[in-house]
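Novice: I am attaching a structure below and will ask some questions about it afterwards.
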Amino acid sequence: MDFGLLYEMQRPNDEFKIDYDALIEETFEQIVLADEVGFDYVWFVEHHFLTTFSGSSAPEVIISALAR
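Reminder that position 43 of the sequence shown reads as 293 in the numbering used here, one-by-one numbering, no gaps.
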């Protein structure tokens, strides 16, 4: 059986004050830990124009950065 994670990279709506650097760094830390404990894959959704909700407008960029 395989186990994976699905990420929307969500943040609460706080008057457009999303700290994208922290959001991406926290996501990377979680995924590195998931890999270390044996998770098999990660999925990312793609949201456009949801600036107060999701920081995942280009999942291929996030996945490329994780592959480094």
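The beta carbon of each residue, even a glycine, is placed where N, CA and C say it ideally should be.
What would DSSP say about F294, mapped onto helix, strand or coil?
Specialist: For the purposes of this step, residue 294 is taken as residue 44 along the sequence shown, with counting starting at 1. Three-state result, F294: strand.
Novice: Taking the straight line between their C-alpha atoms, what separation do you get for H297 and G254?
Specialist: In the sequence shown, the residue the question calls residue 297 occupies position 47. In the sequence shown, the residue the question calls residue 254 occupies position 4. Computed Cα separation, rounded: 20 angstroms.
Novice: Which residue from S306, D285, S307 and V295 puts its Cα closest to that of A317?
Specialist: Locating residue 317 in the sequence shown gives position 67, counting from the first residue. Measuring from the Cα of A317, the nearest candidate turns out to be D285.
Novice: By the DSSP assignment, the alpha helix (DSSP H) with Q260 in it spans what residues?
Specialist: Looking up residue 260 in the sequence shown gives position 10. Neither: Q260 is in no alpha helix (DSSP H) and is coded neither H nor E.
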